[in-house]
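Chemist: Going by full-length UniProt numbering, the first residue of the sequence shown is number 1, and it counts up by one from there.
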Amino acid sequence: MDRAAPLSGTHRRLRIVTAIGALLVLLGTYLVSATDQADATPSRADRADAASARADRADAAPDRAGGDFGTNVIRVAEFPADCTYSHRLPDDPIIFPGLPGASHMHSFFGSTVTNARTTLPDLVNSPTTCNPRVDVSSYWVPTLYRDNVPVEPAIATFYYLGEGVRSDVVANTQPFPLGLRLVAGNAKASGPNDSIARWSCLHAGHVPPSKDFVNCPSGTMLESYLDFPQCWNGRDLDSPDHKSHLAYPVNQACPSTHPVHVPKLRQVLRYPVTGDPSRFRLASGPGYTMHGDFFNAWPVAEMARRVQDCIRPVIKCGHDGRPI
1 MDRAAPLSGT
11 HRRLRIVTAI
21 GALLVLLGTY
31 LVSATDQADA
41 TPSRADRADA
51 ASARADRADA
61 APDRAGGDFG
71 TNVIRVAEFP
81 ADCTYSHRLP
91 DDPIIFPGLP
101 GASHMHSFFG
111 STVTNARTTL
121 PDLVNSPTTC
131 NPRVDVSSYW
141 VPTLYRDNVP
151 VEPAIATFYY
161 LGEGVRSDVV
171 ANTQPFPLGL
181 RLVAGNAKAS
191 GPNDSIARWS
201 CLHAGHVPPS
211 KDFVNCPSGT
221 MLESYLDFPQ
231 CWNGRDLDSP
241 DHKSHLAYPV
251 NQACPSTHPV
261 HVPKLRQVLR
271 YPVTGDPSRF
281 RLASGPGYTM
291 HGDFFNAWPV
301 AEMARRVQDC
311 IRPVIKCGHD
321 GRPI
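Here it is in structure tokens:
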């Protein structure tokens, strides 16, 4: 048998170089693969961020049918009207219609023409201080005094809400009827227990709320909250006491005597005053006599659209009645 010829030095060097080159190629392939795998595997922080983003998207998604507003909606049944102060008069077209000067002093918001003789056509054709401008309703409250000098709210916000009742009741909310007149609170309250009003301090949660005036620290504002009843009897735009045609919910539902659920109107007033509450009084008396009057003049179509698009599907809307 013939033997292979011995390799020359040149051939041996060539084989060694070739082998080294192959090893380098294999090593490079391994390193690239390992790097790609590491890049494709999310870190713990990345996984947490992704999970959080998925949760945020899930929270924002509608949980039941409504308008096609996409996924970025806030699940609160609400639309607001921000109304600046308009004027002050000792009139009340609900309690004392046609009797100028018969009432204690009131501060008016919304319609700029409200007085003792105001009727619905007057409101419908009036200018307004509200945002949105389509809200030509009239809202009024007893004037606040500090050291016997009148003080007006920096802003009055009237929230239209779907809350305090079961979800199926909210889903069947009806618009306020045009021309509805309503009073909430107790102007003749003899003590805090007779009141449903609440006083607090803006941006000062450490100050407990009260049914009477509170001592707000410097840099805050004195706030007043008042919720109107939200169950209507379905018939009357007013009643002899200006209250009993509506009622508050019982066990998260409207009573059989007042079966029609309408938005809850929440009156929020922010006054630019702080300090010693003994310096304050309302035109009606102590803080617990706070009350509010509402004369509805929203255009029927606008009120109906907001109830349909914001209240029933439980969506937070802005002044334009569109999802925020």
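No residue lacks a Cβ here, since even glycine has one placed at the ideal position from N, Cα and C.
Does the segment 134–142 come within contact of the segment 195–212, defined as at least 3 CB pairs closer than 8 Å?
Modeler: no
Chemist: On the DSSP letters alone, give me the boundaries of the alpha helix (DSSP H) that residue 306 sits inside.
Modeler: 300–306
Chemist: Between which two residues does the alpha helix (DSSP H) holding residue 167 run?
Modeler: For residue 167, the enclosing alpha helix (DSSP H) has its first and last residue at 167–170.
Chemist: Take the Cβ of residue 245 as the centre, count every other Cβ of all protein chains shown within 10 Å, and call the residue buried at 16 or more, exposed below.
Modeler: buried
Chemist: DSSP on residue 131, reduced to helix/strand/coil?
Modeler: strand
Chemist: Since residue 155 sits in a beta bridge, which residues does DSSP pair it with?
Modeler: 270
Chemist: Who does residue 318 pair with in a DSSP beta bridge?
Modeler: According to DSSP, which records beta bridges pairwise, residue 318 is partnered with nothing at all.
Chemist: Taking the alpha-carbon of residue 180 as reference, which of 238, 174, 324, 207 has the nearest alpha-carbon?
Modeler: 238
Chemist: Where residue 84 and residue 150 are concerned, what is the direct C-alpha to C-alpha distance, given to the nearest angstrom?
Modeler: 15 Å
Chemist: Looking only at DSSP bridge pairs, what is residue 189 linked to?
Modeler: In DSSP, residue 189 forms no bridge with anything.
Chemist: Label residue 95 either buried or exposed according to how many other C-beta atoms from any shown protein chain fall within 10 Å of its C-beta, with 16 as the threshold for buried.
Modeler: By the C-beta density criterion, residue 95 is buried, having at least 16 other C-beta atoms within 10 angstroms.
Chemist: Skipping 5 residues on each side, what residues in its chain have a beta carbon closer than 6 Å to that of residue 130?
Modeler: 81, 83, 110
Chemist: On the DSSP bridge list, what partners appear for residue 78?
Modeler: 161, 316
Chemist: Since residue 223 and residue 159 should fall inside the 8 Å C-beta cutoff, what is the C-beta to C-beta distance between them, to a whole number of angstroms?
Modeler: The Cβ separation is near 13 Å, so there is no contact.
Chemist: How about residue 202 and residue 270: do their beta carbons lie closer than 8 Å?
Modeler: yes
Chemist: Taking Cβ to Cβ, would you say residue 253 is nearer than 8 Å to residue 165?
Modeler: yes
Chemist: In three-state DSSP terms, what is residue 248?
Modeler: coil
Chemist: Leaving out the 5 sequence neighbours to the left and right, which residues in its chain are closer than 6 Å to residue 175 when beta-carbon positions are compared?
Modeler: So the qualifying residues of the chain are 303, 304, 307.
Chemist: Helix, strand or coil: how does DSSP classify residue 281 here?
Modeler: strand
Chemist: Where do the N-terminal and C-terminal ends of the alpha helix (DSSP H) with residue 227 fall, by residue?
Modeler: Unbroken run through residue 227 is the beta strand (DSSP E), 222–227; no alpha helix (DSSP H).
Chemist: Which same chain residues end up closer than 6 Å to residue 293 when comparing Cβ atoms and leaving out the 5 residues on each side of it in sequence?
Modeler: 94, 140, 183
Chemist: Please work out which residues of its chain come closer than 6 Å, Cβ to Cβ, to residue 117, disregarding the five sequence neighbours upstream and downstream, and give them in chain order.
Modeler: 98
Chemist: Report all residues from its chain with a CB closer than 8 Å to the CB of residue 235; omit the five preceding and five following residues, and keep chain order.
Modeler: 245
Chemist: In the structure shown, what three-state DSSP assignment does residue 98 receive?
Modeler: Coil.
Chemist: Which residues in the same chain have their Cβ closer than 8 Å to the Cβ of residue 105, if we skip the five residues on either side of it in sequence?
Modeler: 88, 89, 90, 142, 143, 150, 283
Chemist: Going by C-alpha distance, which of 76, 136, 230 is nearest residue 255?
Modeler: 230
Chemist: With a Cβ-Cβ cutoff of 8 Å, do residue 215 and residue 153 count as a contact?
Modeler: no
Chemist: Buried or exposed: residue 320, going by 16 or more other Cβ atoms within 10 Å of its Cβ?
Modeler: exposed
Chemist: I need the boundaries of the beta strand (DSSP E) containing residue 121, first residue and last residue.
Modeler: Careful: residue 121 lies outside any beta strand (DSSP E), inside the alpha helix (DSSP H) at 120–124.
Chemist: Closer than 6 Å by C-beta to residue 296: which residues in its own chain qualify, once you throw out the five before and the five after it? Chain order, please.
Modeler: 137, 176, 180
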